[in-house]
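Residues 1 to 113 in full-length UniProt numbering are what the sequence shown lists, from first letter to last. Note that CB positions come from ideal geometry on N, CA and C, so glycine has one too. These notes are about the structure you will find just below.
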Amino acid sequence: MIMLQHPAQPRLPDPSDRQPPLHRLTRPFHPWTNVQVERMNRTLKDVTIRSFHYATLEKLAEHLKDCLWAYNSARALRSLKGKTPIGFILERWQDEPDRFHQDPNHCFPGPNT
1 MIMLQHPAQP
11 RLPDPSDRQP
21 PLHRLTRPFH
31 PWTNVQVERM
41 NRTLKDVTIR
51 SFHYATLEKL
61 AEHLKDCLWA
71 YNSARALRSL
81 KGKTPIGFIL
91 ERWQDEPDRF
101 HQDPNHCFPG
111 PNT
């Protein structure tokens, strides 16, 4: 019996032949790599280290936490239709109070706290 040879078929790539993907990480302290991160770092430095002197690292951490909360809660966001996160939550509470277990007003510090 005569065996006919098939024309040369292209060889499928073997997964073990591939090199692993190259993961590039952002280098810290290089403004050309991630502008948003560097801008936020500069804002936090201006508000904390360059404005106040801290006796301990715990005092700095406490003040930094407060600054981040104030910055994030006072900033109007496009994804929330131009509202601050606190304003958006309070508006949702007024429109749909049944979605909340309790009044969210006591969660946010204000002038009377």
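Residues near residue i in its chain [Cβ-Cβ closer than 7 Å; skip 5 each side]
i: A74; result: T84
i: A76; result: G82, K83 and T84
i: G87; result: none
Local conformation of residue i per DSSP, three classes
i: K65; result: helix
i: L60; result: helix
i: L22; result: coil
Inter-residue spacing [alpha-carbon to alpha-carbon] between residue i and residue j
i: V47; j: C67; result: 8 Å
i: M40; j: N72; result: 11 Å
i: W93; j: L64; result: 29 Å
i: F100; j: L22; result: 45 Å
i: L57; j: P20; result: 41 Å
i: E91; j: W69; result: 19 Å
i: I49; j: F108; result: 26 Å
Start-to-end residues for the alpha helix (DSSP H) that takes in residue i
i: G87; result: P85 to D95
i: K45; result: V35 to V47
Cβ-based neighbour list, residue i, same chain, cut-off 6 Å, excluding 5 preceding and 5 following
i: P104; result: I89 and W93
i: Y54; result: L60
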